[in-house]
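In the numbering used here, each residue's number is its place in the sequence shown (first place is 1) plus 298. Positions of the beta carbon are idealized from the N, C-alpha and C atoms, including for glycine.
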Amino acid sequence: MAPIVEFKHITKRFGGTTALDGVSFSIEKGAIHALLGENGAGKSTLMRILSGVLAKDSGQIVVDGKETAFRSAVDAQREGISTVYQEPHLVPHMTVAENIFLGREPTRRLGFVDFHTLNARTTEILARLELSLAPTTVLADLSPADIQLVQIARAIAFSTKILVLDEPTASITEHETTILFDLLKKLNVGGLTIVHVSHRLKEIFELCHRASVLRDGNYIGTVEVANTTEHEIINLMVGRELREMPASSGTKALAAVKLDISGMNVSESSIPVQDVSFNVHAGEIVALAGLVGSGRSEVAKTIFGLHRMVSGTVRIDGVPVDIRNPEQAIRRGISLVPEDRKGEGLIAIQSVKHNISLTGLKLLSRMGFINGPSETTLARKSAAQLSIKTSSEEADVSTLSGGNQQKVVLAKWLWLKPSILILDEPTRGIDVGAKAEIHNLILELAKSGVAILLISSELPEVLRLSDRIYVMRDGAITGELQRSEASQESIMRLAALGN
Numbered sequence: 299m300a301p302i303v304e305f306k307h308i309t310k311r312f313g314g315t316t317a318l319d320g321v322s323f324s325i326e327k328g329a330i331h332a333l334l335g336e337n338g339a340g341k342s343t344l345m346r347i348l349s350g351v352l353a354k355d356s357g358q359i360v361v362d363g364k365e366t367a368f369r370s371a372v373d374a375q376r377e378g379i380s381t382v383y384q385e386p387h388l389v390p391h392m393t394v395a396e397n398i399f400l401g402r403e404p405t406r407r408l409g410f411v412d413f414h415t416l417n418a419r420t421t422e423i424l425a426r427l428e429l430s431l432a433p434t435t436v437l438a439d440l441s442p443a444d445i446q447l448v449q450i451a452r453a454i455a456f457s458t459k460i461l462v463l464d465e466p467t468a469s470i471t472e473h474e475t476t477i478l479f480d481l482l483k484k485l486n487v488g489g490l491t492i493v494h495v496s497h498r499l500k501e502i503f504e505l506c507h508r509a510s511v512l513r514d515g516n517y518i519g520t521v522e523v524a525n526t527t528e529h530e531i532i533n534l535m536v537g538r539e540l541r542e543m544p545a546s547s548g549t550k551a552l553a554a555v556k557l558d559i560s561g562m563n564v565s566e567s568s569i570p571v572q573d574v575s576f577n578v579h580a581g582e583i584v585a586l587a588g589l590v591g592s593g594r595s596e597v598a599k600t601i602f603g604l605h606r607m608v609s610g611t612v613r614i615d616g617v618p619v620d621i622r623n624p625e626q627a628i629r630r631g632i633s634l635v636p637e638d639r640k641g642e643g644l645i646a647i648q649s650v651k652h653n654i655s656l657t658g659l660k661l662l663s664r665m666g667f668i669n670g671p672s673e674t675t676l677a678r679k680s681a682a683q684l685s686i687k688t689s690s691e692e693a694d695v696s697t698l699s700g701g702n703q704q705k706v707v708l709a710k711w712l713w714l715k716p717s718i719l720i721l722d723e724p725t726r727g728i729d730v731g732a733k734a735e736i737h738n739l740i741l742e743l744a745k746s747g748v749a750i751l752l753i754s755s756e757l758p759e760v761l762r763l764s765d766r767i768y769v770m771r772d773g774a775i776t777g778e779l780q781r782s783e784a785s786q787e788s789i790m791r792l793a794a795l796g797n
């Protein structure tokens, strides 16, 4: 089949960092083509060049037989190329319909927006996606999963040649993923070429025809998905054998209870929390499992002082504590790695160094002034410990790949040496190599005595790491499972049915 896109010797540098180094391969017309690689491999950079967001330094891009050089995303869209990014690029205080048609609003005479047509056309698009959202709903009132689906709807509405998906399922449920994949397959049968960037290899084998692999900015190879295995793809991606610590057996001797939650009720959070009780021992990894919207993140934020309990008790080492804000939580040895790394975990316009030191500036200050050399030493030590790929500790954190940004979020808390660590989706959007490193780190932290509360939507991750599992549904705990009795089926039964 003829190629619809040809990349010829594409090179892109950011300062002293080479993001893409002479990348050359092609994407066949009418195919669903996966683009794989570890965080920092250059996948998103290449797709941003294809989408007109970034300019290449050298090389050629040929689309449908014509060499192109898009100067903006609008130029790419005019040629039928739309992109769904991992982080939503939408306007929170506008409606679903206004976001889907942003920049392409149907108008009446004198240039006024025709809202009747706008909402009617949006309803048609949402129906195709089998989404029960109202076109007049303000985006800020939606869950992260629904926001991601709106972004996908916007891209699908205007893709005529190529649809680029960068981690589209990172924040949506398995049911929503199934709906999305069914739609993508229908669109593909209709002639749409799809480029799927993902770290979830299961998705690649379910959806894609071919897969190309990048590593450290270099093109490694392209395989036919039907003729390869996960192991072969992982070897292409990482170029090394992954070494993982043995998973938790769930039978370790337990130390004293470190964190004890009793009768937690929270009404002011987006999802009300109802009579939640659980505990975490020192050196234990306890998971909160459940579907998106089950209330797991609300429990985590309440423990950290971001939500106020209506009733209930939080005990640390058996002593009741009243935590009203994150500062009080930090003083009591609690750290929270949030689900939304860009919105809640990082300051994008600040350097890697400043982001890492942000959680403990008083510890790095003398007479009210930050000790610059100490801050730099801390950043370099943290970057080495977590293998953060960056040109310099002075580089803006926004220039890092998603996985390396996640490592910075981890680093900013780990140097405080917390005794209670709450991890909310710690490996979302992270490649298999980085995921193995973070899993090993979590197991090492537990081995050192840290009490870890893990929130994850990836059931294999929950089963691999956890000693015990509490399952949530509609803001309440529906059951507790010992590691020895837990399975994906038993967790999903409690998450979906509550029994």
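Quiz item: Residues in its own chain within less than 6 Å of E501 by CB, not counting five upstream and five downstream?
Solution: Translated into positions along the sequence shown, residue 501 becomes position 203. Cβ within range, chain order: n/a, list empty.
Self-check item: Burial state of N653 (16 or more Cβ within 10 Å)
Solution: Taking the first residue of the sequence shown as 1, we reach residue 653 at position 355. Buried, by the Cβ-count rule.
Quiz item: Exposed or buried, what is L400 when buried is set at 16 or more other beta-carbons lying within 10 Å of its beta-carbon?
Solution: Residue mapping note: residue 400 aligns to position 102 of the sequence shown, counting from 1. Its Cβ having fewer than 16 others within 10 Å, L400 is exposed.
Quiz item: Which parts of the stretch 319 to 390 are runs of the beta strand (DSSP E), unbroken and 3 residues or longer, counting only runs that do not cross its ends?
Solution: Qualifying beta strand (DSSP E) stretches, in chain order: 330 to 334, 356 to 361, 364 to 366, 379 to 382.
Quiz item: Count the other CB atoms within 10 Å of the CB of T527; is the residue buried (16 or more) or exposed (fewer)?
Solution: Translated into the one-based positions of the sequence shown, residue 527 becomes position 229. Classified as exposed, T527 has fewer than 16 neighbouring CB atoms from the shown chains inside 10 Å of its CB.
Quiz item: Are the beta-carbon atoms of M345 and E326 separated by less than 8 Å?
Solution: Position 47 of the sequence shown, counted from the start, is the residue given in the question as residue 345. Position 28 of the sequence shown, counted from the start, is the residue given in the question as residue 326. Their beta carbons are not under 8 Å apart, which means M345 does not touch E326 by this criterion.
Quiz item: Between the C-alpha atoms of S575 and E759, what's the straight-line distance to the nearest angstrom?
Solution: Locating residue 575 in the sequence shown gives position 277, where the first residue counts as 1. Locating residue 759 in the sequence shown gives position 461, where the first residue counts as 1. Cα to Cα, the separation comes out at about 23 Å.
Quiz item: Going by the beta-carbon positions, is the gap between P390 and L437 smaller than 8 Å?
Solution: Position 92 of the sequence shown, counted from the start, is the residue given in the question as residue 390. Position 139 of the sequence shown, counted from the start, is the residue given in the question as residue 437. Yes, these two residues count as a Cβ contact at 8 Å.
Quiz item: Taking the beta strand (DSSP E) that K556 falls in, what are its first and last residues?
Solution: The residue you call residue 556 lines up with position 258 of the sequence shown. Where K556 is concerned, the enclosing beta strand (DSSP E) starts and stops at 555 to 564.
Quiz item: Whose C-beta lies closer than 8 Å to the C-beta of L352 among residues of the same chain, with five residues either side of it excluded?
Solution: Counting from one through the sequence shown, the residue named residue 352 turns up at place 54. If we look at L352 and ignore the five residues flanking it on each side, its Cβ neighbours are K310, T343, R346.
Quiz item: Taking C-alpha atoms, which residue in E742, V584, G314, L751 lies nearest to A598?
Solution: Start at 1 with the first residue of the sequence shown, and residue 598 comes out as number 300. The option with the nearest alpha carbon to A598 is L751.
Quiz item: Ends of the beta strand (DSSP E) at I302?
Solution: Residue 302 sits at position 4 when you count from the first residue of the sequence shown. Residue range 301 to 312 is occupied by the beta strand (DSSP E) that includes I302.
Quiz item: Thinking C-alpha only, which one of I330, K705, R771 is nearest H507?
Solution: Along the sequence shown, one-based indexing puts residue 507 at 209. Closest option to H507, Cα to Cα, is I330.
Quiz prompt | N- and C-terminal bounds of the alpha helix (DSSP H) containing E415 | solution = Within the sequence shown, numbered from 1, the residue matching residue 415 stands at position 117. The sequence shown places Thr at residue 415, not Glu. For T415, the enclosing alpha helix (DSSP H) stretches over residues 413 to 426.
Practice problem: For Q704, name the three-state secondary structure that DSSP assigns. | Solution: The residue labelled residue 704 in the question sits at position 406 within the sequence shown. Taken through DSSP and simplified to helix, strand or coil, Q704 comes out as helix.
Quiz prompt | Coil, strand or helix - E522 by DSSP | solution = As a first step, residue 522 is located in the sequence shown; it is residue number 224 there, counting from the start. Looking at E522 - three-state DSSP - the assignment turns out to be strand.
Exercise. Specify, as a first and last residue, the run of the alpha helix (DSSP H) that P671 falls within.
Key: Residue 671 sits at position 373 when you count from the first residue of the sequence shown. Looking at the DSSP string, the run of the alpha helix (DSSP H) that includes P671 is 670 to 684.
Exercise. Provide the residue span of the alpha helix (DSSP H) that contains R791, from first to last.
Key: Numbered from its first residue, the sequence shown carries residue 791 at position 493. Counting along the chain, R791 sits inside the alpha helix (DSSP H) bounded by residues 786 to 794.
Quiz prompt | Whole-angstrom distance between Q704 and S655, CA atom to CA atom | solution = Stepping through the sequence shown from its first residue, residue 655 is reached at position 357. Stepping through the sequence shown from its first residue, residue 704 is reached at position 406. Taken atom to atom, the span from the alpha-carbon of S655 to that of Q704 is near 15 Å.
Exercise. Thinking N337 and A732 are a contact (beta carbons under 8 Å), I'd like their distance in whole angstroms, please.
Key: Your numbering for residue 337 matches position 39 in the sequence shown. Your numbering for residue 732 matches position 434 in the sequence shown. With a beta-carbon spacing of about 5 Å, N337 and A732 fall inside the 8 Å limit used to define contacts.
Exercise. Could you tell me which residues DSSP pairs with S510 in its beta bridges?
Key: The residue you call residue 510 lines up with position 212 of the sequence shown. DSSP output for S510 lists L333, T520 as bridge partner(s).
Practice problem: Return the CA-CA distance between P716 and I628, expressed in angstroms with no decimal places. | Solution: Counted from its first residue, the sequence shown places residue 716 at position 418. Counted from its first residue, the sequence shown places residue 628 at position 330. Approximately 8 Å, taken between the alpha carbons.
Exercise. Determine which residues share a DSSP beta bridge with S633 and list them.
Key: Locating residue 633 in the sequence shown gives position 335, counting from the first residue. Paired residue(s): L719.
Quiz item: Among the residues of its own chain, which have a CB less than 6 Å from the CB of T467, if the five just before and after it don't count?
Solution: Here residue 467 is taken as the residue at index 169 of the sequence shown, counted from 1. The answer, listed in chain order, is T475.
Practice problem: Take H387 and list the residues in its own chain whose beta-carbon comes closer than 8 Å to its own, dropping the five residues that flank it on each side. | Solution: As a working mapping, residue 387 is identified with position 89 in the sequence shown. Closer than 8 Å at Cβ, skipping near neighbours: Q449.
Quiz item: So, helix, strand or coil for H579, using DSSP?
Solution: Within the sequence shown, numbered from 1, the residue matching residue 579 stands at position 281. When secondary structure is reduced to three states using DSSP, H579 falls in the strand class.
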